[in-house]
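Start counting the sequence shown at 106; every next residue gets the next number (the working numbering).
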Amino acid sequence: MSDQAKLLGGLRVLVPRGGIWGDLVSQALRDRGAQTVIAPLVDFSHTSEEDKLVEALKALESGEFDWMTATSATVADVLKHHNAEFHERTKVAIVGEATAVAFREAGYPVTLTPDEDNNTTFQLLKEWNEIDSGEVLRVLTLRSDVATPVLTMGLIERGHDVTQVLAFRTIGVPASVHIREDIDSGRINAILVASAKIAEEVRKQFPKLPENTLVVCVGENTLAAAEELELSRNGIDRQAEVDAIIEAVESAIDHSDMLD
């Protein structure tokens, strides 16, 4: 049995997102001995820029963009919802394993994605040779309303013609009575926090966490948000368990969907 399996054996971890993301993260944690409870605390809703999105997707279909980017699996859902089609001249750059799975399952093309060992937004900017060729590219970036526009700004700073559209909104989802009871009683031993929005929901929905409940933050932006909410705490002398959970999550998924 591995050291991580020993550390996480029997630990019940709340995974706060569903879909492909939740499945990949849960599997990685279970592979290391943890028990997982998928209980979405956030979900995705229609964008506040619906008209702009519709016009952008029409332009995408007609071939007006050289590239389109996506760093969230939810973008594939948005594209399917709108029956979007890609022009053959348009290339697609994506970040994240969950995004790749979603695009493959939807039958959408993927031209460029970073190496799986470093599948991050920052790595995409390094590996994307065309954006440093001197040619001005027309790029459509589809992102969440709560995402930090790292990729979008990286393209703009290089002088490209970027159309950025908020493709979806991230909204809070109330936990079920059963989940709240499991949290309050300590039957759930750890809560995974993978974005600033999730941190907000954990603070709001579970204001009195048991002392021994681990709050495990993945990503620097998430940790900063959790600390501002006075949410970040690791229990008593349990950093090894926290590190093992973070390693498991990061082995399965990139949190760049908060860095669009």
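Positions of the beta carbon are idealized from the N, C-alpha and C atoms, including for glycine.
Simplified DSSP assignment, three categories, for residue i
i	result
W126	helix
T141	strand
R343	coil
V267	strand
V282	helix
S290	helix
D362	Confidence is the limiting factor: at D362 the pLDDT is only 48, short of 50, which leaves the residue's position unreliable and the question unanswerable from this model.
S356	helix
L334	coil
S300	coil
K309	helix
L146	coil
L366	The structure shown does not extend to residue 366, since the chain is modelled only from 106 to 365, so the question has no answer here.
Outcome for residue i when other beta-carbon atoms lying within 10 angstroms are tallied against a minimum of 16
i	result
V282	exposed
Q132	exposed
S167	exposed
S290	exposed
P312	exposed
R292	exposed
Q269	buried
V294	Here residue 294 is Asn; the residue named in the question, Val, does not match the sequence. Buried is the call here.
T179	buried
N224	buried
E346	buried
G201	buried
D362	In this predicted model, D362 has a pLDDT of only 48, less than 50, meaning its place in the structure is not dependable; the value taken from the coordinates is given anyway. Under this definition D362 is a buried residue.
L364	No answer about L364 holds up, because its pLDDT of 48 lies below 50 and its placement is not dependable.
V153	One point to set straight first is that residue 153 is Ser, not Val, in the sequence displayed. Flag for S153 reads exposed.
Closest Cα partner of residue i within the set the options
i	options	result
L119	E325, A331, A349 and V320	V320
K185	D171, V323 and E210	E210
A369	R122, A189 and D128	Because the chain here runs from 106 to 365, residue 369 falls outside it and cannot be looked at.
P279	A203, E305 and L116	E305
G277	G124, F149 and V130	F149
V241	D266, G259, R285 and K231	D266
P219	L230, V142 and G239	L230
V147	D250, N223, R243 and V159	D250
G127	R137, L297 and A301	L297
I199	A175, D182, V206 and L256	A175
E325	P214, N317 and S300	S300
H151	P315, C322 and T275	T275
Residues bridged to residue i [DSSP beta-bridge criterion]
i	result
H151	F273
A295	V118 and L319
Whole alpha helix (DSSP H) elements within the stretch 235-260, 4-residue minimum: For the alpha helix (DSSP H) assignment, the stretch 235-260 encloses no uninterrupted run of at least 4 residues.
What are the uninterrupted segments assigned as alpha helix (DSSP H) that are 4 or more residues long and contained completely in the stretch 158-244, given in chain order? 179-186, 202-211 and 226-232
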